[in-house]
Structures are given as structure tokens and as C-alpha cells.
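In full-length UniProt numbering, the protein residues as written are 1 to 137.
Working notes for the structure below.
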């Protein structure tokens, strides 16, 4: 069995699991075709098997027909309504987390007829809302 000159990792061809191979260790039979000659003591794995032949390429006309059928299938599928976050129009935006930024607070101020600068910070908007007596909690 061939020995490794450096550490490497390969994916097991049957299980798909990642296997770590240690320098100085034997190269398992299944891993020999996957390990480069530069990592094998002496330059090559004696048990190396030829790689499996690649599947023949699909005829372009057949592939095109298959893809067109898939596109037609997707077009025929009823579209669902896009999922959008629920807008909080009944109360103020959150003060932390998603939707708590200055743009959300500026929109809230506009809905409540409180004028703020277009580049106002969240803190400035909250202060203006508080001064106008608009709910911020």
C-alpha cells in the first residue's frame, strides 16, 4: 500500500463523507485514485485504478427539448403571492432589530405628519415624534 508524504483530505466516493488522510499513513484502496501523485511516497500509488469514464454528453437537441419542457412546466405553475414582512402601520417601528433603522422611523414620522430631515437619524426622528406627542413606544 502507498504511503502519504503530506496530509490531505478526500471525499469518499461511496459515502460522500470527507476523509482526512495523515502523512506517513497508508492510502486506502478506495482513496488511491483520488490522491495526487505529488502526495504519494515514490510518486504514484501502485493500487491506482483508472478513473471511471465520464458519462457521454447529452445531445444538444435532446438537452434543449428537456430544458424547454422544464421552462414550460415552470411557467404553467401558478405563482404564489410574494411573502413580504407585515408593515406596522398601527404603531411605531421597533427600537431594535429588523425594521428599527432610521428609514423606518422617517416613514413612521411621515405617516403621522411629523416633518423630519430626509437624512435624520433614528434618534432625531424619535425626539421629533416625542416632541409632537406621537407614540414612540
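Backbone N, C-alpha and C fix where the C-beta goes; we use that ideal spot for every residue, glycine too.
(1) With burial defined as no fewer than 16 other Cβ atoms inside 10 Å of the residue's Cβ, what is the status of residue 10: buried or exposed?
(2) What is the DSSP secondary structure of residue 10, counted as helix, strand or coil?
(3) With a CB to CB cut of under 6 Å and the five nearest residues on each side skipped, what residues in its chain are close to residue 128?
(4) Which of the three DSSP states, helix, strand or coil, is assigned to residue 32?
(5) State buried or exposed for residue 106, treating a residue as buried only when at least 16 other CB atoms are found within 10 Å of its CB.
(6) What's the C-alpha gap between residue 91 and residue 120?
(7) Work out the CA separation of residue 67 and residue 73 for me, nearest whole Å.
(8) Residue 129 lies in the alpha helix (DSSP H); which residues open and close that run?
(9) Going by beta carbon distance, what residues of the same chain come within less than 7 Å of residue 134, once the five residues before and after it are set aside?
Answer, in terms of the structure:
(1) Its Cβ being crowded by 16 or more others within 10 Å, residue 10 is buried.
(2) Taken through DSSP and simplified to helix, strand or coil, residue 10 comes out as strand.
(3) Excluding positions up to five away in sequence, the list reads 114 and 116.
(4) Helix at residue 32.
(5) So residue 106 counts as buried.
(6) The straight-line gap separating the alpha-carbon atoms of residue 91 and residue 120 is approximately 20 Å.
(7) Their backbone Cα atoms lie some 10 Å apart in a straight line.
(8) Residues 122-131.
(9) Once the five neighbours on either side are set aside, the close Cβ partners of residue 134 are 112 and 114.
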